[in-house]
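Remarks on the structure that follows.
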Amino acid sequence: MTLDVISLVDITQTNVRNYNFYASYLPKEKWEHLRNQQRNWDVIVQLLSLRAQPFDITVPQKLTNQRPARWGFGWIYGACNTATLWKFSCRYETAIDLNLIRGDFQHVPIICGLEESFQFPNSCLCSTDNHANILLMKHIL
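Here is the structure:
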């Protein structure tokens, strides 16, 4: 079973983890920016791993010129046009309860102010209601 995760929060996978490795050629501010993007990615994968044991995880891809309402994001994001999409698989469909996973994502702190096209009212994930900034669904694309 394949699931899609679509997010308005920047969850770019940069693989930046160790400052000493990158210090020789990246300014500290750039390293911190890339590291924060990776931190968001790590949080998402860890949350999914609580219940789903994901594998075949794709690299997140940026979607531009998107209407958030098309995907089912909260109405407050009407002017936002950048989203991030990635997919993962789970071996057993019966092991996945999307409502439980959505609950795991609710109000989890996240680093905002990276490359999002919207300034979020709170620095946390929201998977329900009019403030939803991350969606999990069975594979659609």
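Read in order, the letters of the sequence shown correspond to residues 3 to 143 in the working numbering. Heads up, the beta-carbon is just placed ideally off N, CA and C, and yes, glycines get one too.
Check, Outcome
"Nearest candidate by alpha-carbon position, reference D44, set N67, V18, K30", "V18"
"Coil, strand or helix - F122 by DSSP", "coil"
"Sheet register partners of W88 (DSSP bridge)", "V7"
"Residue of I98, T130, S9, D106 minimising C-alpha distance to Q55", "I98"
"Integer-rounded CB distance, given that I8 should sit under 8 Å from L87", "5 Å"
"S51 to V11 span [Cα, whole Å]", "19 Å"
"Sequence-distant residues of its chain with Cβ nearer than 6 Å to Q63 (five each side left out)", "L87"
"Of the residues T84, I136, L5, V110, the one placed nearest S125, counting alpha carbons only", "V110"
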